[in-house]
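In what follows, a structure is listed as structure tokens, so that the remarks can point back to it.
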Amino acid sequence: GLLCQYREEKGGDCLVPQGYETEEGSRLGSWVIEQRKAYSKGELSIERRKRLDELGFIWNPQDASWEESFGLLCQYREEEGGDCLVPQGYETEEGVKLGEWVIEQRQAYSRGKLNEQRKKRLEKLGFVWGILDASWEEKFGLLCQYRQENGGSCFVPQGYETNEGVKLGLWVYTQRQSYSKGKLSGERRKRLEELGFAWDALDASWEENFGLLCQYREEKGGDCLVPQGFETDEGVKLGLWVYTQRQSYSKGKLSFERRKRLEELGFVCDPLDASWEENFRLLCQYCDEKGSDCLETQGYQTQEGLRLRLWVGTQRKAHLKRKLSEERRKRLEDLGFVMGLNGRSLR
1295 GLLCQYREEK
1305 GGDCLVPQGY
1315 ETEEGSRLGS
1325 WVIEQRKAYS
1335 KGELSIERRK
1345 RLDELGFIWN
1355 PQDASWEESF
1365 GLLCQYREEE
1375 GGDCLVPQGY
1385 ETEEGVKLGE
1395 WVIEQRQAYS
1405 RGKLNEQRKK
1415 RLEKLGFVWG
1425 ILDASWEEKF
1435 GLLCQYRQEN
1445 GGSCFVPQGY
1455 ETNEGVKLGL
1465 WVYTQRQSYS
1475 KGKLSGERRK
1485 RLEELGFAWD
1495 ALDASWEENF
1505 GLLCQYREEK
1515 GGDCLVPQGF
1525 ETDEGVKLGL
1535 WVYTQRQSYS
1545 KGKLSFERRK
1555 RLEELGFVCD
1565 PLDASWEENF
1575 RLLCQYCDEK
1585 GSDCLETQGY
1595 QTQEGLRLRL
1605 WVGTQRKAHL
1615 KRKLSEERRK
1625 RLEDLGFVMG
1635 LNGRSLR
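Each residue of the sequence shown is one higher than the one before, counting from 1295 in my numbering.
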């Protein structure tokens, strides 16, 4: 009765640990061992054996241990989203060394000592036999996780390590090296490409910075005007990269595809246009804080060293020479500036 109750509580599992006792103090684990001993000595009645068999009772202790570990592997796989790549030192909460058991299965397989039935059951879970293959699969899984956490980006910085100390950035670099030397299998290449993996290191660097620009834009409410000296928290010189894209554009060296992707973000490719937009942004910021009247009556200098009053004067001169576009004139006047040389704020 207690074994049936245990089985029901454990979802059909009759693998009772040796030292297990019920809440009432019954040594169920010891009783299970006694049944196995009686069976091996031929002292267990057919009727009792049949009843135990109907519960899925395992007679061989080694089989019982294997089944217990296999069950824990299934549980691990379910919790890890289909992953059977158990770290070598991993132990369950009950102290079962599942990582060591997984290694033992690989060793038994490589020596030809793993029976076909067990092999098939493990392979059905997606178990990887080769240690190098297992390591690759583990890193691939971490790359998928990184991609999910970073908005679909596979552009891992070379020095990046996971919280567990896995050098994922170095692994990504190694995949590119293997690809360039023709040593990466077609199957692995395909799986990486399905993630949007870039093989060329320069392409990868560009994509990494583009991803950071998207992140910057989102944080700044749609603004792609990155100050030239701006660096990310990770030390990436995003401002310098943005400057480089504009220089490439002005020299005709920025590809149409990259230019299109940047412009879809609202990026201003022309360096002169970008400079005007940056100055206008600073002007808007100043007017929001103090009003445009203050600018008309006193010089004002931002942290970037831009004399806004002088810049506004330059726009007025451009307007008088008919060199200021209608769109820019309107935007300045909407802030309260009259575009005559001696104009005063409308505010």
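Even glycine gets a Cβ: it sits at the ideal position worked out from N, Cα and C.
Task: N-terminal and C-terminal residue of the alpha helix (DSSP H) that glutamate 1328 is part of - done: 1322–1334
TODO: Tell me where the alpha helix (DSSP H) around aspartate 1347 begins and ends.
DONE: 1340–1348
Open item on the list: Residues in the same chain with beta-carbon distance under 7 angstroms from histidine 1613, minus the five sequence neighbours each way, listed in chain order, please.
Closed with: Arg1623 and Met1633
Open item on the list: When you compare the CB positions of glutamate 1502 and proline 1451, do they come within less than 9 angstroms of one another, or not?
Closed with: yes
Open item on the list: Using a Cβ-Cβ cutoff of less than 8 angstroms, which residues in the same chain neighbour arginine 1553 once the five nearest sequence positions on both sides are dropped?
Closed with: Tyr1543 and Cys1563
Task: Bounding residues of the alpha helix (DSSP H) (the contiguous stretch that carries aspartate 1497) - done: 1495–1513
Task: For glutamine 1442, three-class secondary structure by DSSP - done: helix
Open item on the list: Buried or exposed for leucine 1506, going by 16 or more other Cβ atoms inside 10 Å?
Closed with: buried
Open item on the list: Threshold first: 4 residues or longer. Then list the alpha helix (DSSP H) segments lying entirely within the stretch 1405–1442, N to C.
Closed with: 1410–1418
Open item on the list: Counting only C-beta atoms, is leucine 1419 closer than 9 angstroms to chain C at any point?
Closed with: Within the model displayed, chain C is absent; a lone protein chain is all it includes.
Task: Same chain only: Cβ atoms within 8 angstroms of tryptophan 1353, ignoring 5 sequence neighbours per side - done: Arg1330, Tyr1333 and Ser1334
Open item on the list: Check for me: the alpha helix (DSSP H) holding cysteine 1308 runs from which residue to which?
Closed with: Per DSSP, cysteine 1308 belongs to no alpha helix (DSSP H) and is neither H nor E.
Task: For cysteine 1578, the nearest candidate out of Glu1410, Val1606 and Ala1402 (CA to CA) - done: Val1606
Task: tryptophan 1353 (DSSP reduced to helix, strand or coil) - done: coil
Open item on the list: Judging by CA-CA distance, which residue of Trp1360, Gly1375, Tyr1384 and Gly1389 is the nearest neighbour of glutamine 1399?
Closed with: Trp1360
Open item on the list: Only counting the same chain, and skipping five residues up and downstream in sequence, which positions put a Cβ closer than 6 angstroms to that of cysteine 1581?
Closed with: Leu1629
- [ ] Kindly indicate which three-state DSSP category alanine 1492 falls into: helix, strand or coil?
- [x] coil
Task: Three CB pairs or more closer than 8 angstroms across the stretch 1481–1498 and the stretch 1434–1444 - done: yes
Task: Segment contact, 8 angstroms Cβ cut-off, at least three pairs: the stretch 1414–1429 with the stretch 1362–1382 - done: yes
TODO: Give every residue of the same chain whose Cβ lies closer than 7 angstroms to the Cβ of proline 1381, excluding the five residues on either side of it in the sequence, and list them in chain order.
DONE: Gly1393
- [ ] Note down the Cα distance separating glycine 1599 from asparagine 1573, rounded to an integer number of angstroms.
- [x] Caution applies to glycine 1599, whose pLDDT of 43 falls short of 50 and renders its modelled position unreliable; the model cannot decide the point.
- [ ] Assign alanine 1358 to buried or exposed, taking buried as 16 or more other Cβ atoms, counted over all protein chains shown, within 10 Å of its Cβ.
- [x] buried
- [ ] Determine the contact status of leucine 1532 and glutamate 1525, defining contact as a CB-CB distance below 9 angstroms.
- [x] yes
Open item on the list: Check this for me: beta carbons of arginine 1575 and phenylalanine 1504, under 9 angstroms apart or not?
Closed with: no
Open item on the list: DSSP three-state label for lysine 1584, please.
Closed with: helix
- [ ] Can you tell me which of Trp1535, Glu1528 and Glu1512 puts its alpha carbon nearest to the alpha carbon of proline 1521?
- [x] Trp1535
Task: Status (buried if at least 16 other CB within 10 Å, exposed otherwise) for serine 1447 - done: buried
- [ ] Measure the C-alpha to C-alpha separation of glutamate 1328 and lysine 1304 and round it to an integer number of angstroms.
- [x] 21 angstroms
Open item on the list: What residue range does the alpha helix (DSSP H) around serine 1472 cover?
Closed with: 1462–1474
Open item on the list: Determine whether the beta carbon atoms of tryptophan 1325 and leucine 1349 lie at a separation below 9 angstroms.
Closed with: no
Task: Start and end residues, alpha helix (DSSP H) containing glycine 1374 - done: Contrary to the premise, residue 1374 reads as glutamate rather than glycine in this sequence. From DSSP, glutamate 1374 is part of no alpha helix (DSSP H); its letter is neither H nor E.
Open item on the list: My assumption, with CB atoms under 8 angstroms, is that leucine 1379 sits in contact with glutamate 1458. Please give the rounded CB distance.
Closed with: In fact, because the Cβ distance is near 12 angstroms, the residues do not count as touching under 8 angstroms.
Open item on the list: With the cut-off set at 9 angstroms, would you say glycine 1313 and glycine 1306 are in Cβ contact?
Closed with: no
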